[in-house]
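Residue numbers (our numbering): 78 to 214.
The structure appears right after this line, and notes come after that.
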């Protein structure tokens, strides 16, 4: 059993906001919606990876979040137009702003997840760090 390659799938790790290096530790301390929902762990509780790679690292996540917001707003505008046929600007503003506020915790969280999993050069999955008996130094 010791020689068996221990590999965790990427998509479940991304969906559940897990560490990009070990795919076991949580990126965030709490669930998505709540009082301290967006409190992020400083390091991975499993492998010890420091999530903020350098000072100001997560400023880049603002651009990812902006792209998510634009995609959501355009999709909503097209859906409203197709489904209602209305050109009432108040309908568009009301629906788009409501959905943007409701999805803001999602955008905040997954912009950071996308940054860590896909947009950080040199940060890759290491199956050795996924093992249950891995000792964090």
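For every residue, glycine included, the Cβ atom is placed at its ideal position computed from N, Cα and C.
Segment limits, alpha helix (DSSP H) that includes residue i
i, result
"residue 143", "137-161"
"residue 183", "181-195"
"residue 86", "No alpha helix (DSSP H) contains residue 86, which DSSP labels as neither H nor E."
Rounded C-alpha distance that separates residue i from residue j
i, j, result
"residue 114", "residue 175", "19 Å"
"residue 141", "residue 86", "23 Å"
"residue 119", "residue 106", "9 Å"
"residue 150", "residue 191", "19 Å"
"residue 164", "residue 135", "38 Å"
"residue 145", "residue 173", "13 Å"
"residue 171", "residue 143", "19 Å"
Beta carbon proximity, residue i to chain D, threshold 8 Å
i, result
"residue 182", "Any reference to chain D falls outside this structure, which holds one protein chain only."
Nearest-angstrom Cβ-Cβ length linking residue i and residue j, presumed shorter than 8 Å
i, j, result
"residue 109", "residue 182", "5 Å"
Neighbourhood of residue i by C-beta distance below 7 Å, restricted to the same chain and skipping five residues each side
i, result
"residue 169", "154 and 157"
Contact between the segment 145-159 and the segment 121-134 (3+ Cβ pairs under 8 Å): Contact fails between the segment 145-159 and the segment 121-134, because fewer than three Cβ pairs, one in each stretch, are under 8 Å apart.
Three CB pairs or more closer than 8 Å across the segment 94-105 and the segment 181-193: In short, these stretches touch, since the Cβ pair count reaches three.
Three or more C-beta pairs below 8 Å linking the segment 99-113 and the segment 188-202: Three or more Cβ pairs closer than 8 Å define a contact, and the segment 99-113 meets that threshold against the segment 188-202.
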